[in-house]
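These protein sequences, in sequence, are chains R, G, F and U.
According to our numbering, the first sequence is numbered sequentially starting from 432.
According to our numbering, the second sequence is numbered sequentially starting from 432.
According to our numbering, the third sequence is numbered sequentially starting from 432.
According to our numbering, the fourth sequence is numbered sequentially starting from 432.
The beta-carbon is built from N, C-alpha and C at its ideal position, and this holds for glycine as well.
Below is one structure, written out as structure tokens; comments come after it.
There are 4 protein chains.
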Amino acid sequence: MITIDAHSPVPIYEQVKTELHGLVARGMLKPGDQVPAIRVLSQTLLVNPNTIARAYRELVMEGFLETRRGEGNYISAQARSRANDSLDGSRKQLLEAILSARRAGLGWKEVLLIVQKAKGEEA
Amino acid sequence: MITIDAHSPVPIYEQVKTELHGLVARGMLKPGDQVPAIRVLSQTLLVNPNTIARAYRELVMEGFLETRRGEGNYISAQARSRANDSLDGSRKQLLEAILSARRAGLGWKEVLLIVQKAKGEEA
Amino acid sequence: MITIDAHSPVPIYEQVKTELHGLVARGMLKPGDQVPAIRVLSQTLLVNPNTIARAYRELVMEGFLETRRGEGNYISAQARSRANDSLDGSRKQLLEAILSARRAGLGWKEVLLIVQKAKGEEA
Amino acid sequence: MITIDAHSPVPIYEQVKTELHGLVARGMLKPGDQVPAIRVLSQTLLVNPNTIARAYRELVMEGFLETRRGEGNYISAQARSRANDSLDGSRKQLLEAILSARRAGLGWKEVLLIVQKAKGEEA
DNA sequence: GTGGTCTAGACCACC
DNA sequence: GTGGTCTAGACCACA
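What follows is the structure, given as structure tokens:
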């Protein structure tokens, strides 16, 4: 369900948060659904449990997840709106990536070409 | 010639490298040209000489610059191909950023909108 | 495990790199093994942490080490082949040193004598 | 007559000195012979004249060369003995190279093999 | 003048 | 705990 890139410069706990936001934004997870237990997910992703714990903790703090004691973590009722808030971060990151590619010498045509390519690859 | 954003999350020495790659990719710097002396560039950018030295050192290691002892650093003969390699890297990063934004739940219209916005901001 | 000669003309960070290459080449360190933490090694060798950090950074760049964020540095899967590359470099350097000694006027008998002397000094 | 490696870690002026020592040690230059003028040699080797000047200056100081005002530099009468003294330096360098190759993981068999190879290449 | 190495120590982020 | 970046400044060697 979730994939992580250990070599990416973006922190693992951020990747986990973004992926969960995305799953909700795309409707693959809904309010009330349970998310994987910390230990389970940490083993699946080969990641330190502390890292998953941090991601969940922050998601709880922002109201995206709800912890039910002894039961686990669940997608909250306001998760969709939280996921939308988080899109802003993705927008900024994308903008940064574009400007950085420009500074490296990429032309606008190239940028659009890459967008098309991404569209194709996804399909 | 080169500008730096001190508040960017990307390290200063990386920005310097990218800017130099870009200057060669755009033909504003050619093989054989001398790049600013470490101390000079560090003063114009208000940055520590060590930081520039690190950027130059890595550029030398990748074959983009050549150091002539006691004389300075020069754009190498293979600099253009190295700049292209770096462009390839930028392309991949941009592609990844787009796919990641997609996974986060961003629609294609949004993506194109952000490209337009970037175009506008640059001007 | 690692020793340094502070009076050698070869930079400390280079010595550290060579020693690590050697430890892998001789099988005393294997892919997956953790190398000493930067601060730890810097204290045992009585050297500044930055110096060790530079050695490790370059080893990561050449693919000999892998950094796991917040965890430490580990011998990479391709470390053996990298160590062999480094051995190739040493071979070339030795060859050059011999030819240079020849050009300086050293006889072949002398060269062999020096090899014997080195053998003796090591023991 | 003389060749220089601009990328070698050993300073250019040192290379010049060693090469001249070698030419005398091998009998290709004799006391009384004239050595190339600084400007000539600097142009031949594509090297800064100051660098050649430094080499010659030090060779004069050690008694290997003699400057005849307005005429140029000549191999001195004691040049052979000076060249022999300088062999000590070459010996040390060779010894260093061997030990360094050992530290990098090279076996003694390999070292001897490389000596043989050098012998073959020279012939 | 040039670059290269090293030290000392601060600050940040990740695990 | 880990590594990464950056600053400040010393010292050396080469051209």
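**OP:** Take A456(U) and list the residues in its own chain whose beta-carbon comes closer than 6 Å to its own, dropping the five residues that flank it on each side.
**Re:** A514
Subject >> Cross-chain neighbours of T449(G) in chain R, by beta carbon under 8 Å >> reply: S531, R534 and A535
Original post:
Does K598(R) have its Cβ less than 8 Å from a Cβ in chain G?
Top reply: Outside the modelled stretch of chain R, which goes from 432 to 554, sits residue 598(R), for which no answer is possible.
Original post:
Applying a beta-carbon distance threshold of less than 8 Å, which residues of chain R neighbour G494(G)?
Top reply: Simply none; closest approach about 17 Å.
Original post:
How long is the line joining the alpha carbons of R470(F) and M459(G), rounded to whole angstroms?
Top reply: Roughly 43 Å separates the two Cα atoms.
**OP:** Give the single residue among E553(F), K548(F) and L530(F) whose Cα lies nearest to the Cα of Q446(U).
**Re:** Residue L530(F) is the option with its Cα nearest to Q446(U).
Original post:
Would you say the region 436–454 of chain R touches the region 473–490 of chain R, given that touching needs at least three Cβ pairs under 8 Å?
Top reply: yes
**OP:** Please determine, among R533(G), D436(G), A549(G) and V491(G), the residue with the shortest C-alpha to C-alpha distance to A510(G).
**Re:** V491(G)
Original post:
Taking just the CA atoms, how far does K461(R) sit from Y505(R)?
Top reply: Distance between the alpha carbons of Y505(R) and K461(R): 9 Å.
Original post:
Since L525(R) contacts V466(G) with CB under 8 Å, what's their CB separation in whole angstroms?
Top reply: L525(R) to V466(G), Cβ: 31 Å. No contact.
**OP:** Note down, in chain order, each residue of its chain lying with its Cβ closer than 6 Å to the Cβ of A484(F), except the 5 sequence neighbours on either side.
**Re:** These residues qualify, in order along the chain: I469.
Original post:
Whole beta strand (DSSP E) runs in the region 478–514 of chain G with 3 or more residues, listed along the chain?
Top reply: 496–499 and 503–506, all fully within the region 478–514 of chain G.
Original post:
Closest by CA to R533(R), which one among G453(G), E489(G) and S439(G)?
Top reply: Ranking G453(G), E489(G) and S439(G) by Cα distance to R533(R) puts G453(G) first.
**OP:** Measuring only between beta-carbons, confirm whether L525(U) sits less than 8 Å from chain F.
**Re:** yes
**OP:** Measure from the alpha carbon of T449(G) to the alpha carbon of each residue in W539(G), A437(G), N481(G) and S517(G), then state which is nearest.
**Re:** S517(G)
**OP:** Find out if the Cβ-Cβ distance for the pair A535(R), S521(G) is shorter than 8 Å.
**Re:** Between A535(R) and S521(G), the gap from beta carbon to beta carbon is short of 8 Å.
**OP:** Label E553(G) either buried or exposed according to how many other C-beta atoms from any shown protein chain fall within 10 Å of its C-beta, with 16 as the threshold for buried.
**Re:** exposed
**OP:** State yes or no: is the C-beta of A377(F) within less than 8 Å of the C-beta of A528(U)?
**Re:** Since the first residue shown for chain F is 432 and the last is 554, residue 377(F) is missing from the structure and cannot be characterised.
Original post:
Along the chain, where does the alpha helix (DSSP H) that runs through T449(R) open and close?
Top reply: I443 to A456
**OP:** Spell out whether any CB of chain R is found under 8 Å from the CB atom of E553(G).
**Re:** yes
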